[in-house]
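The structure under discussion appears below in the form of structure tokens.
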Amino acid sequence: MTDEGLKLLAAALAIGLGSLGPGLGIGMLVSKAMEALGRNPEAQGALFTNFILGLAFAEAIAIYALVVALIIKFV
Amino acid sequence: MRNRAVLIALGIIALIVVGRLFFPGPAPHVSLKAEPVLHLGGLAIENTTVAAWASIAVILLVFWRASRTASLIPSGRSWQNALEIVLDMFLNLCNNVAGPRNARRFFPLVVTIFLFIFVSNYLGLLPGYHTIGWVEEGEHGSVWSEVHLGPLNVAILPFNAQQVEGLDAHAPEGATIGTLAPWLRSANTSLNTTLAIALVAMAFIEFWGLRALGFGYLGKFINVRRLLRGDIMNGLIDLFVGLLDIISELARLISLSFRLFGNIFAGEVLLSVMTYLVSWVLIVLFLGLELLVGVIQALVFALLALVFATVAVTAHGEEGHEAQPTHH
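Line by line, the protein sequences are chains A and B. Numbering (our numbering) for the first sequence: 13 to 87. Numbering (our numbering) for the second sequence: 57 to 384.
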């Protein structure tokens with residue numbers, strides 16, 4: 013395999029494996045948030061802020077993977 | 057009635073297939089770096105900078121239009137009323153997160169970050185962005201046909217443009233081959249823009265922390281109180297925790313800027329790849345997805361800035377007792 017091919021494979025693996033964890037995390041977050049919302053619809057305001065925050069932190073890890081993939085591909 | 061629905065569905069599918077076969081979109085060209093549009097002296101003005109100015113101009117125009125006829129009780133359908141709904145929403149958010157004492161201090165930064173990111177994300181989805189610009193001639197890219205438009209010599213990309221890898225035989229004689237350097241490109245697809253917003257936000261956050269807690273704020277990062285008292289073990293732990301706090305402060309900068317950049321840049325790449333694959337009808341779904349991402353990322357950035365600011369002005373001891381009344 014050429015160096016260029018290895019680089020492409022590495023970038024694909026970096027973002028592919030790197031988004032596994034955050035994907036699971038966001039799924040759990042959303043399911044729990046929906047559950048909480050179903051039980052207590054009045055809590056929407058407080059829930060929404062914390063929900064978006066949790067989403068951001070879970071997503072940040074996928075973003076790190078994306079950064080690594082971009083660095084492998086372009087730098 | 058049923059027959060008509062089936063016919064419409066078939067028509068749409070036929071349109072997708074025929075469109076893909078005979079009029080495919082241009083092959084995606086991904087450039088991580090923002091392309092320069094103009095060179096003023098030694099300074100290269102990038103297309104994302106131009107787009108950032110454009111979104112600032114749009115925000116200014118909208119707010120000028122709304123505040124030109126400002127009244128204490130705006131009428132139901134006025135621009136002022138529409139904007140006040142947005143601003144009121146954010147003031148409530150600040151009140152909920154930071155408490156009434158700090159809400160009005162944080163509000164301008166939070167709402168400015170939101171409006172700028174929101175407007176530039178949405179403007180970046182307009183036609184004209186990423187499609188009009190100079191052609192940088194090169195070895196590979198698309199085949200452009202030249203059009204003479206008065207004094208301007210314009211290259212346009214034919215709908216069923218050909219893709220060329222290297223200068224080989226099937227490139228037509230005299231045609232321009234190259235990649236597009238667009239004049240406008242969604243402002244947040246350049247790391248420079250997002251890093252600038254993150255730097256401004258973090259500078260404000262540190263400033264507010266210093267002003268609220270005085271030198272006690274720096275004690276969070278360099279904590280030598282217990283070390284000076286002779287408690288070596290715990291003192292070293294405090295020093296290490298301080299170091300971790302410094303690192304996490306820097307990581308905030310990285311994750312804030314890269315989150316926005318990554319989302320919007322990946323969105324652009326997704327759109328250009330999907331334009332190539334399903335240039336007809338189905339692309340609308342992805343545009344809708346990008347509309348969602350645009351507003352959520354703007355909200356996330358503003359909200360994170362607000363929460364970091366709230367944490368920064370909260371002293372170590374009083375956390376959870378008084379400063380965040382409605383959060384818990």
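In this text, a Cβ means the ideal position worked out from N, Cα and C, and glycines have one as well.
Query                                                                                                                                                                                           : Result
So for B/Ser198, helix, strand or coil by DSSP?                                                                                                                                                 : strand
Have a look at the DSSP bridge pairing and note the partners of B/Glu192.                                                                                                                       : B/Thr235
Once DSSP output is grouped into helix, strand and coil, what is the label at B/Pro92?                                                                                                          : strand
Let's see if you can read the secondary structure: which residues bound the beta strand (DSSP E) around B/Tyr273?                                                                               : From DSSP, B/Tyr273 is part of no beta strand (DSSP E); its letter is neither H nor E.
Evaluate the contact criterion for the stretch 304 to 324 of chain B versus the stretch 64 to 80 of chain A: three or more CB pairs, one atom per stretch, below 8 Å.                           : yes
Which whole-angstrom value is the C-beta distance of B/Arg282 and B/Asp294, which I expect to be below 8 Å?                                                                                     : 6 Å
Does B/Leu128 come out as helix, strand or coil in the three-state DSSP assignment?                                                                                                             : coil
Taking the alpha-carbon of B/Asn152 as reference, which of A/Leu32, A/Thr61 and A/Val87 has the nearest alpha-carbon?                                                                           : A/Thr61
Over the uninterrupted beta strand (DSSP E) stretch that includes B/Pro183, give me the two end residues.                                                                                       : Pro183 to His186
From B/Ile69 to B/Leu147, what does the alpha carbon distance come to, in whole angstroms?                                                                                                      : 47 Å
How would you call B/Phe314, buried or exposed, if buried means at least 16 neighbouring beta carbons within 10 angstroms?                                                                      : buried
By the DSSP assignment, the beta strand (DSSP E) with B/Glu102 in it spans what residues?                                                                                                       : Leu99 to Glu102
In this structure, does DSSP put A/Asp15 in helix, strand or coil?                                                                                                                              : helix
If you follow the alpha helix (DSSP H) that B/Asp439 is in, where does it begin and where does it stop?                                                                                         : An answer regarding residue 439 of chain B cannot be provided, because it is not within the stretch 57 to 384 covered by chain B.
In the DSSP assignment, find the alpha helix (DSSP H) that holds B/Asn279 and state where it starts and stops.                                                                                  : No alpha helix (DSSP H) contains B/Asn279, which DSSP labels as neither H nor E.
What's the gap between the Cα of B/Arg285 and the Cα of A/Ala58?                                                                                                                                : 42 Å
What is the rounded straight-line gap between the Cα of B/Val106 and the Cα of B/Leu292?                                                                                                        : 50 Å
Apply the 10 Å Cβ neighbour rule to B/Ser311 and answer buried if 16 or more other Cβ atoms are within range, or exposed otherwise.                                                             : buried
Out of B/Ala61, B/Ala122 and B/Leu171, which one is the CA nearest neighbour of B/Leu353?                                                                                                       : One detail in the question is off: residue 353 of chain B reads as Gln in this sequence, not Leu. Cα-wise, what sits closest to B/Gln353 is B/Leu171.
So that I know if they touch, is there some Cβ in chain A lying closer than 7 Å to that of B/Arg308?                                                                                            : no
Who are the near neighbours of B/Ala225 in its chain, counting only those whose CB is closer than 6 Å to its CB and skipping five residues on each side?                                        : Per-residue confidence for B/Ala225 stands at a pLDDT of 47, beneath the threshold of 50, marking its modelled position as unreliable; no derived number is given.
What do you reckon, are the CB atoms on B/Val73 and B/Val325 nearer than 7 Å?                                                                                                                   : no
Quick check on B/Ser111: does DSSP put it in helix, strand or coil?                                                                                                                             : helix
Looking at B/Leu362: is its Cβ nearer than 7 Å to the Cβ of B/Val166?                                                                                                                           : yes
CB-CB under 8 Å to B/Thr245, same chain, minus the five flanking residues each way: which ones, in chain order?                                                                                 : Ala90, Thr104, Gly180, Phe317, Ile320, Phe321 and Glu324
Would you tell me roughly how many angstroms separate the C-alpha atoms of A/Gly37 and B/Asn248, rounded to the nearest one?                                                                    : 29 Å
What does the Cβ neighbour count give for B/Glu378, buried or exposed, with the cut at 16 atoms within 10 Å?                                                                                    : Low confidence applies to B/Glu378: its pLDDT is 43, below 50, so where it sits in the model is not reliable, and the reading given next is rough at best. Result: exposed.
Quick one: residues in its chain with C-beta nearer than 7 Å to the C-beta of A/Gln56, no 5 flanking neighbours on either side, listed in chain order?                                          : Leu49
Are the beta-carbon atoms belonging to B/Ala243 and B/Ser328 less than 7 Å from one another?                                                                                                    : no
Looking at C-beta atoms only, is the number of pairs between the stretch 356 to 371 of chain B and the stretch 250 to 269 of chain B that lie closer than 8 Å three or more?                    : yes
If distances are taken between C-alpha atoms only, which option among B/Leu347, B/Thr366, B/Phe342 and B/Thr331 comes closest to B/Pro84?                                                       : B/Thr331
Please go through the same chain and pick out, in chain order, the residues whose beta-carbon is closer than 6 Å to the beta-carbon of B/Trp336, but skip the five residues on each side of it. : Leu71, Ile72 and Gly75
Relative to the alpha-carbon of B/Phe296, which residue among B/Cys150, B/Leu306, B/Thr168 and B/Asn279 has its alpha-carbon at the smallest distance?                                          : B/Asn279
What residues from chain B crowd round A/Ile75, counting only those whose CB sits closer than 8 Å?                                                                                              : Ser311, Phe314, Arg315, Gly318 and Asn319
Under 8 Å between beta-carbons, which chain A residues line up against B/Asn152? List them in chain order, please.                                                                              : Gly57, Ala58 and Thr61
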